[in-house]
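Peer 1: For reference, the structure I am asking about is given below.
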Amino acid sequence: MLEFTIDVYDNHQKFPTTRSLREMVKNSGLYSQTGQELVDRLVDALHRKIKMKKRGEKGGFPRFKSFDRIKSLAYPQSGFSLSDKKIKVTPFGEIKIKKHREIHGTIKTLTLKRESTGKWFAILTAEAEVRPVPMKEGEAVGVDLGLMTFATLSNGEGLKKPKHMRIYEEKLASAQRDLSKKKLHGKNRRKVKINVGRICQKVASTRRNWLHKTANDLLSRYSLIAFEDLDVQGIAEEHGKGVSDAGWSIFTDILSYKAESAGIKVVFVNPKNTSKDCSRCGTCVPKELWERQHNCPSCGLSMDRDLNAAINILNRATGGTPGSNACGDVSLETSMKQEAHGFSHG
Ligand SMILES: [Zn+2]
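Going by the numbering used here, the letters in the sequence shown line up with residues 690 to 1035, in that order.
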């Protein structure tokens, strides 16, 4: 098609019609719609070229592609059928497949795509009806994500990484230390490297499973789940968080997408001073990272630092009283005293 296009252009100073190009692919041996899609790609490229020329820009003319540079073939409507272990594609016939996931809805298009590794993928798009999910009613919970305990809930519960997961993580760390000691290009280095890769995969899959299980557990118990928005730069670092992500973002991602289809609300609150503010009276109680306890000099509240933070997170998400912006905020303190005064009179 490209050769024909160049030929017509050289002799008549114009491009061939789309129709004449379509005639050409009819006998290419490709499925008719796949061939037409290739025509569309060439016509699009020519149109881009014309537009650029009109704007006075220099643009490349479409180039011939070797087979290696062809990355995909499209089936916009038909020409394929799918079963559990095979996909039948015109004109290639049945091809064995590894089905990565179930397909919901009506399959609309297929794209055969070749990755740089030489592997071919069949990408299917499907149309499915999305039913609105009614919001679940029930309790709300605040979650403080941490390093010592993976998560502390506002009801006082702590979610700890299981022991076997920590063992794998330690194994990985030691294997990586091993690797860094080995000589470059040494025979042993390769062995150790493969070993590190294996443990890496093991750690990742163990972690993923546990994060999914933990997310499901929270989703089955609560209708609103509140976290700190750790993407707020700088503020997260103030907490000693954001420095090393211990799987938190994977966890909140998993939870967010699962919540959507379960009618559960996931809220991300401003993380400023969640560990400093007193969750009972709102007084700012500055503490160092190593201080594990919250002791409030104003109201006498004494509790685990992370639990105090988790309650603050819940309060911020639900509009509950103290802890909104108490640190260094005098006006709030004043307004609270007035409230207390008015109450005694009433
Ligand atoms: Zn207090």
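Using N, Cα and C, we set each Cβ at its ideal position, and we do this for glycine too.
1) Restricting to Cα atoms, I'd like to know which of 971, 745 and 987 is closest to residue 1067.
2) Could you give the C-beta distance for residue 822 and residue 914, rounded to a whole number, given that I count them as a contact under 8 Å?
3) Below 9 Å between beta carbons: does that hold for residue 753 and residue 712?
4) Ordered along the chain, which non-local residues of its own chain (more than five positions away) have a Cβ less than 7 Å from that of residue 786?
5) By a C-beta neighbour count over all protein chains shown, 10 Å radius and 16 as the cutoff for buried, is residue 978 buried or exposed?
6) Strictly under 9 Å for the Cβ-Cβ distance: is residue 961 near chain D by that measure?
7) Going by DSSP, what residue range makes up the alpha helix (DSSP H) through residue 983?
8) With DSSP as the reference, please indicate the residues paired to residue 954 in a beta bridge.
9) Near residue 695, what residues of its chain come up, given a Cβ to Cβ distance below 6 Å and the 5 sequence neighbours on each side ignored?
10) Return yes when the Cβ of residue 974 is within less than 9 Å of the Cβ of residue 1006, no when it is not.
11) Please classify residue 835: is it buried, with 16 or more other beta-carbons within 10 angstroms of its beta-carbon, or exposed?
12) Is it the case that the Cβ atoms of residue 982 and residue 991 are separated by a distance below 9 Å?
13) Can you list every residue whose CB sits closer than 6 Å to some heavy atom of ligand 1, going in chain order?
14) Does residue 729 come out as helix, strand or coil in the three-state DSSP assignment?
15) Can you check DSSP and say which residues form a bridge with residue 802?
16) Taking the beta strand (DSSP E) that residue 992 belongs to, which residues open and close that run?
17) Would you kindly work out how many angstroms separate the C-alpha atoms of residue 980 and residue 895, rounded to a whole number?
18) By the 10 Å Cβ neighbour count, where 16 or more other Cβ atoms means buried, how is residue 964 classified, buried or exposed?
19) Per DSSP, what kind of secondary structure is residue 777 in: helix, strand or coil?
20) Please work out which residues of its chain come closer than 7 Å, Cβ to Cβ, to residue 723, disregarding the five sequence neighbours upstream and downstream, and give them in chain order.
21) Assuming residue 690 contacts residue 710 under a Cβ cut-off of 8 Å, what Cβ separation, rounded to an integer in Å, is found between them?
22) Which residues in the same chain have their Cβ closer than 6 Å to the Cβ of residue 1012, if we skip the five residues on either side of it in sequence?
23) Could you round the C-beta distance between residue 954 and residue 854 to whole angstroms and report it? I think they count as a contact, below 8 Å.
24) In whole angstroms, what separates the C-alpha of residue 860 from that of residue 952?
25) For residue 772, which of helix, strand or coil comes out of DSSP?
26) Under three-state DSSP, which class holds residue 862?
27) Go to residue 840, then tell me how far its beta strand (DSSP E) extends in each direction, as first and last residue.
28) Nearest to residue 758 by CA position, among 742, 818, 947 and 802, is which residue?
29) Figure out for me which residue from 882, 807 and 734 has the closest Cα to the Cα of residue 862.
30) Please report the straight-line C-alpha distance between residue 772 and residue 817, rounded to a whole angstrom.
31) Going straight from the alpha carbon of residue 878 to that of residue 885, what length do you get?
32) So residue 815 and residue 795 are in contact, right, with Cβ under 8 Å, and what is the actual spacing, rounded?
Peer 2: The short version:
1) Past the boundaries of the shown model lies residue 1067; the chain is included only from 690 to 1035, so the question cannot be answered.
2) Counting from one through the sequence shown, the residue named residue 822 turns up at place 133. Counting from one through the sequence shown, the residue named residue 914 turns up at place 225. So it is not a contact: roughly 15 Å between Cβ atoms.
3) Here the question's residue 753 lines up with position 64 in the sequence shown. Here the question's residue 712 lines up with position 23 in the sequence shown. No.
4) Here the question's residue 786 lines up with position 97 in the sequence shown. These residues qualify, in order along the chain: 774, 775, 776 and 811.
5) To locate residue 978, count along the sequence shown from 1; it is residue 289. Looking at its Cβ environment, which holds fewer than 16 other Cβ atoms inside 10 Å, residue 978 is exposed.
6) Although the question refers to chain D, the structure presented lacks it and comprises just one protein chain.
7) Counting from 1 along the sequence shown, the entry for residue 983 is found at position 294. It is not in any alpha helix (DSSP H) - residue 983 instead sits in the beta strand (DSSP E) that spans 982–984.
8) The count along the sequence shown starts at 1 and reaches residue 954 at position 265. DSSP lists 913 as partners of residue 954.
9) The residue labelled residue 695 in the question sits at position 6 within the sequence shown. Excluding residues within five positions, none has a Cβ falling inside 6 Å.
10) Taking the sequence shown and counting its residues from 1, one reaches residue 1006 at position 317. Taking the sequence shown and counting its residues from 1, one reaches residue 974 at position 285. In this structure, residue 974 does not lie closer than 9 Å to residue 1006 by Cβ.
11) On the sequence shown, position 146 is the one that residue 835 refers to. So residue 835 counts as buried.
12) The residue given as residue 982 occupies position 293 in the sequence shown. The residue given as residue 991 occupies position 302 in the sequence shown. Taking 9 Å as the Cβ cut-off, residue 982 and residue 991 qualify as a contacting pair.
13) 967, 969, 970, 972, 985, 987, 988 and 990
14) One-based indexing of the sequence shown puts residue 729 at position 40. In the structure shown, residue 729 sits in a helix (DSSP, three-state: H, G or I).
15) Walking along the sequence shown from the start, residue 802 turns up at place 113. Note: residue 802 sits in a beta bridge opposite 761 and 810.
16) As a position in the sequence shown, residue 992 is number 303, starting the count at 1. Where residue 992 is concerned, the enclosing beta strand (DSSP E) stretches over 991–993.
17) Here residue 980 is taken as the residue at index 291 of the sequence shown, counted from 1. Here residue 895 is taken as the residue at index 206 of the sequence shown, counted from 1. Rounded to the nearest angstrom, the two C-alpha atoms are 31 Å apart.
18) Against the sequence shown, residue 964 aligns to sequence position 275. So residue 964 counts as buried.
19) Working through the sequence shown from its first residue, we reach residue 777 at position 88. Three-state DSSP puts residue 777 in a strand.
20) Counting from one through the sequence shown, the residue named residue 723 turns up at place 34. Contacts found: 762, 763, 764 and 768.
21) The sequence position of residue 690 within the sequence shown is 1, counting from 1. The sequence position of residue 710 within the sequence shown is 21, counting from 1. Confirmed, about 5 Å.
22) Here the question's residue 1012 lines up with position 323 in the sequence shown. Confidence in residue 1012 is poor, its pLDDT being 41 and thus under 50, which makes the residue's placement unreliable; the coordinate value appears in the next sentence. Taken in chain order, the residues that qualify are 966, 968, 971, 1001 and 1004.
23) In the sequence shown, the residue the question calls residue 954 occupies position 265. In the sequence shown, the residue the question calls residue 854 occupies position 165. In fact, because the Cβ distance is near 29 Å, the residues do not count as touching under 8 Å.
24) Here residue 860 refers to the residue found at position 171 when the sequence shown is read from its first residue. Here residue 952 refers to the residue found at position 263 when the sequence shown is read from its first residue. If I take the Cα positions, the gap works out to 39 Å.
25) Within the sequence shown, the letter at position 83 stands for residue 772. Here residue 772 sits in coil by DSSP.
26) Stepping through the sequence shown from its first residue, residue 862 is reached at position 173. Here residue 862 sits in helix by DSSP.
27) By one-based count along the sequence shown, residue 840 stands at place 151. The continuous beta strand (DSSP E) containing residue 840 extends over residues 840–842.
28) On the sequence shown, position 69 is the one that residue 758 refers to. For residue 758, the nearest C-alpha among the options comes from 802.
29) Taking the sequence shown and counting its residues from 1, one reaches residue 862 at position 173. Checked all of 882, 807 and 734; the closest Cα to residue 862 is 882.
30) Taking the first residue of the sequence shown as 1, we reach residue 772 at position 83. Taking the first residue of the sequence shown as 1, we reach residue 817 at position 128. Going by the C-alpha atoms only, they are around 19 Å apart.
31) Within the sequence shown, the letter at position 189 stands for residue 878. Within the sequence shown, the letter at position 196 stands for residue 885. Going by the C-alpha atoms only, they are around 10 Å apart.
32) Residue numbering aside, residue 815 sits at position 126 when the sequence shown is read from its first letter. Residue numbering aside, residue 795 sits at position 106 when the sequence shown is read from its first letter. Residue 815 to residue 795, Cβ: 6 Å. Contact.
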